[in-house]
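Engineer: One structure follows; several queries about it will come next.
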Amino acid sequence: MVGKTTLTMFSAGAGDSFLVEHDSSESLSILVDGGYAQTFRKMLLPLLRQEYQKLRHIDLLITTHIDADHIGGILAFLKQNGNVDTPSIAPVRFAWHNSLRSLGGLNGGEGQLGTADLAVLSQVRQRGFLEREESSPSEISAMQGSSLASLLQQNGYSWNESRPIVKGIKYEVAPNCEIHVISPPVERLVELRSYWIRKFRELGFAGIISKSEVFEDAFEFMCSFESVDENVSEEISSIDENAATLSDVYTPDDAITNGSSIAFVLAMGMTRILFLGDCWAEDAVSGISDEFSESFPIIFDAIKVSHHGSVRNTSPKLLSMIDSPRFLISTSGEQHGHPSLAVLKEIVDRPASFKRTLYFNYESRASEMISNYQRNSGSEFDVVVSNNPRIVIEK
Numbered sequence: 002m003v004g005k006t007t008l009t010m011f012s013a014g015a016g017d018s019f020l021v022e023h024d025s026s027e028s029l030s031i032l033v034d035g036g037y038a039q040t041f042r043k044m045l046l047p048l049l050r051q052e053y054q055k056l057r058h059i060d061l062l063i064t065t066h067i068d069a070d071h072i073g074g075i076l077a078f079l080k081q082n083g084n085v086d087t088p089s090i091a092p093v094r095f096a097w098h099n100s101l102r103s104l105g106g107l108n109g110g111e112g113q114l115g116t117a118d119l120a121v122l123s124q125v126r127q128r129g130f131l132e133r134e135e136s137s138p139s140e141i142s143a144m145q146g147s148s149l150a151s152l153l154q155q156n157g158y159s160w161n162e163s164r165p166i167v168k169g170i171k172y173e174v175a176p177n178c179e180i181h182v183i184s185p186p187v188e189r190l191v192e193l194r195s196y197w198i199r200k201f202r203e204l205g206f207a208g209i210i211s212k213s214e215v216f217e218d219a220f221e222f223m224c225s226f227e228s229v230d231e232n233v234s235e236e237i238s239s240i241d242e243n244a245a246t247l248s249d250v251y252t253p254d255d256a257i258t259n260g261s262s263i264a265f266v267l268a269m270g271m272t273r274i275l276f277l278g279d280c281w282a283e284d285a286v287s288g289i290s291d292e293f294s295e296s297f298p299i300i301f302d303a304i305k306v307s308h309h310g311s312v313r314n315t316s317p318k319l320l321s322m323i324d325s326p327r328f329l330i331s332t333s334g335e336q337h338g339h340p341s342l343a344v345l346k347e348i349v350d351r352p353a354s355f356k357r358t359l360y361f362n363y364e365s366r367a368s369e370m371i372s373n374y375q376r377n378s379g380s381e382f383d384v385v386v387s388n389n390p391r392i393v394i395e396k
């Protein structure tokens, strides 16, 4: 496959949304996450209407994990796209989403729900998805009661459903286009299922928990609240901006939904892009070590930095194993102090035979500071700040 790969990084507030397209004998399109509902409305929808008016399609729709800043735009897209046989925006060939039914270990039937149990379900469904700063109340209420799993099921989409997307899976999207999943390991999904069941019991639910639609909704709604981590502040001002290294400040992530995030290598012909989602650094290290026999560092054509450049998801060990001329940092920088300046400095303070470019989809204090940073060693680097940057890779 010889051609041009175009990677669009949508300005998704504190979230992620990427569209990868490859121009070859058969055009390929992969949508990774959707940011918030307004990300879809204001940015993704206009592009899809423009790009797909000639019966083109999305080959694979990937929702990396259940968090409002990744899943909101996908929910909005599926609600508007409607049934798979008569899509109003674009045909979708296949979707990845680790729903409750993907996790296994649950009863297959509905069971008998008593009055108290029904009250718990009603409470969770009414709460809906977590509301964030980038989402208005009207956007949130429009999504309540409709989990992504329910929408996929109701509208007839082909998706992984009961098969979890976990480390070790290799999926052929099309000839000469393959995905290697490096995370999550199975145990992260087991932890996510156990966490959810425990929280559900704490609410007073005593009945049988099954794989039915009502529990799919409750699972996704509750997990969207779990992902908020208020325990570790990443404000740049809390770190010695001049002296702190990543080794000084790195603290492993322990958010269970982030641990369930799908991370993968997308290979389109000769082009390889590493999408790290919000995955834990230790899981990325393990997945890359197990799946690739190449000497380190492995050079990818582009790397999507994990968890918006958080100091909790990029470790010195991980960066010793991977490198690229293109690093993508997706965040407005308005929540949790992302990205971490220590992460950005570690990326550029390494020797390399090529020039690195750091792509930001928002101006932030961190993007400004790294632009003015005098590296201690390593190769030259550029900083590009652009609204919905489109990165072209020709190989």
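This note's numbering puts the first residue of the sequence shown at 2, with every later residue one more than the last. All residues carry an ideal CB built from backbone N, CA and C; glycine is no exception.
CB F301 to CB L275, shorter than 8 Å?
Structural biologist: A contact, by the Cβ cut-off of 8 Å.
Engineer: On the DSSP bridge assignment, give the partners of D350 in chain order.
Structural biologist: None, per the DSSP bridge assignment.
Engineer: Between S163, A175, V393, G334, which lies nearest to A303 when the distance is taken from Cα to Cα?
Structural biologist: Nearest of S163, A175, V393, G334 to A303, Cα basis: V393.
Engineer: Should E221 go down as buried or exposed, given a rule of 16 or more other Cβ atoms within 10 Å for buried?
Structural biologist: The residue in question, E221, is buried, as its Cβ has 16 or more Cβ neighbours within 10 Å.
Engineer: Between the Cα of I92 and the Cα atoms of D254, L153, F328, which residue gives the shortest distance?
Structural biologist: Reading off the sequence, residue 92 comes out as Pro, not Ile. Comparing Cα positions, the closest option is L153.
Engineer: Since A268 and C280 should fall inside the 8 Å C-beta cutoff, what is the C-beta to C-beta distance between them, to a whole number of angstroms?
Structural biologist: Contact doesn't hold; Cβ gap of about 18 Å is too wide.
Engineer: Between G278 and the rest of its own chain, which residues show a CB-CB distance below 7 Å, the 5 nearest in sequence each way excluded?
Structural biologist: Counting only Cβ-Cβ distances below 7 Å, and skipping sequence neighbours, we find T65, H66, S262, I263, A264, S307.
Engineer: Can you check which of these residues, H71, L45, Q39, is closest to G16 by C-alpha distance?
Structural biologist: G16 has its Cα closest to that of H71, out of H71, L45, Q39.
Engineer: Measuring CA to CA, which of L190, L359, F11 is closest to S372?
Structural biologist: Closest option to S372, Cα to Cα, is L359.
Engineer: Leaving out five residues on either side along the sequence, give the residues of the same chain with a beta carbon under 7 Å from the beta carbon of D230.
Structural biologist: Only weak support exists for where D230 lies, its pLDDT of 45 falling under 50; the value from the coordinates is given anyway. These residues qualify, in order along the chain: A256.
Engineer: Can you have a look at T116 and say buried or exposed, based on whether 16 or more other CB atoms are within 10 angstroms of its CB?
Structural biologist: It counts as exposed.
Engineer: Would you mind sorting E134 into buried or exposed? The rule is 16 or more other CB atoms within 10 Å of its CB.
Structural biologist: Caution applies to E134, whose pLDDT of 46 falls short of 50 and renders its modelled position unreliable; the value that the coordinates give is listed next. Looking at its Cβ environment, which holds fewer than 16 other Cβ atoms inside 10 Å, E134 is exposed.
Engineer: A264 bridges to which residues according to DSSP?
Structural biologist: Bridge partners of A264: S184.
Engineer: Report the three-state DSSP secondary structure of F382 (helix, strand or coil).
Structural biologist: Strand, per DSSP.
Engineer: Identify whether R376 lies in helix, strand or coil by the three-state DSSP scheme.
Structural biologist: Of the three classes helix, strand and coil, the one that applies to R376 here is coil, per DSSP.
Engineer: If distances are taken between C-alpha atoms only, which option among V125, W160, F226 comes closest to L204?
Structural biologist: Among V125, W160, F226, the Cα nearest to that of L204 belongs to V125.
Engineer: Using the C-alpha atoms, what's the distance from I170 back to I323?
Structural biologist: About 20 Å.
Engineer: Within the chosen definition, does the stretch 34–43 reach the stretch 73–84 through at least 3 CB pairs nearer than 8 Å?
Structural biologist: Touching, yes.
Engineer: Quick one, which of V85, V349, S163 has its alpha-carbon nearest S213's?
Structural biologist: Checked all of V85, V349, S163; the closest Cα to S213 is S163.
Engineer: Based on the DSSP output, what are the partners of W197 in its beta bridges?
Structural biologist: Its beta-bridge partners do not exist; DSSP assigns none.
Engineer: Measure the Cβ-Cβ separation of T6 and R391 and say whether it is below 8 Å.
Structural biologist: Result no, Cβ atoms of T6 and R391 do not sit closer than 8 Å.
Engineer: How about D218 and S290: do their beta carbons lie closer than 8 Å?
Structural biologist: No. Outside cutoff.
Engineer: Just verifying my parser: in three-state terms, what is the DSSP assignment at A91?
Structural biologist: Residue state, collapsed to three classes: coil.
Engineer: Between the C-alpha atoms of G73 and E335, what's the straight-line distance to the nearest angstrom?
Structural biologist: Rounded to the nearest angstrom, the two C-alpha atoms are 18 Å apart.
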